[in-house]
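Before any comments, here is the structure.
Right under this line is the structure:
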C-alpha cells in the first residue's frame with residue numbers, strides 16, 4: 045500500500061460538507077476538477093495526470109514540459125453518479141507514479157426548476 049504524496053484535488057463547482065464536498069451535477073453535465081500544480085517536473089518528457097473515481101480511471105491528461113500551473117480536467121457525465129464517490133488523481137513521470145489524497149464527493153444531482 046502506498047501513502048498519498050500529492051495534495052487533494054480541488055472542485056470549483058463544489059461546496060464543503062461535513063465529510064468532503066457537495067456538487068450538483070446533472071445527467072449530461074461535466075464535473076470540472078482542478079489538479080494542483082505539480083512540482084519538481086522534469087524540463088523534458090511528458091507527465092500523465094489521471095483522475096480516478098472510486099479507484100477507476102475517469103479521465104487522463106498528458107502534460108508537456110512547457111505546462112505550468114494547475115490542471116483543469118473535465119470528467120465526463122457517465123463517470124459521475126448521484127451518490128458519494130471518492131475522487132483522487134495519480135501523476136506518472138517516467139514510469140514513477142505518485143498518488144493524491146482522496147476527497148469524498150456527494151453529487152446531489154441538478155435541482156429542477158419549479159414552474
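Numbering (our numbering), first residue to last: 45 to 159.
Idealized CB from N, CA, C, for every residue including glycine.
Backbone CA spacing between residue i and residue j [nearest angstrom]
i	j	result
residue 77	residue 102	11 Å
residue 154	residue 70	5 Å
residue 144	residue 54	11 Å
residue 83	residue 111	11 Å
residue 152	residue 128	9 Å
residue 97	residue 122	11 Å
residue 74	residue 85	28 Å
residue 59	residue 131	15 Å
residue 126	residue 47	28 Å
residue 99	residue 72	22 Å
residue 68	residue 120	14 Å
residue 116	residue 146	17 Å
Cutoff 7 Å; reference residue i; Cβ partners in own chain excluding five residues on either side
i	result
residue 114	78, 79, 80, 81
residue 63	148
residue 138	89
residue 56	76, 78
Residues near residue i by beta carbon distance below 6 Å, same chain, minus five either side
i	result
residue 49	142
residue 134	94, 141, 143
residue 136	92
residue 150	66, 128
residue 118	74, 76
Residue range of the beta strand (DSSP E) that includes residue i
i	result
residue 136	128-137
residue 143	140-143
residue 124	Per DSSP, residue 124 belongs to no beta strand (DSSP E) and is neither H nor E.
* Please determine if the segment 82-95 and the segment 103-112 are in contact, where contact requires at least 3 C-beta pairs separated by less than 8 Å. => yes
* Asked: Can you list, in chain order, the stretches of the beta strand (DSSP E) that have 3 or more residues and sit fully within the segment 47-102?
  -> Entirely contained in the segment 47-102, the beta strand (DSSP E) runs reaching 3 residues are, in chain order, 65-67, 75-79, 91-97.
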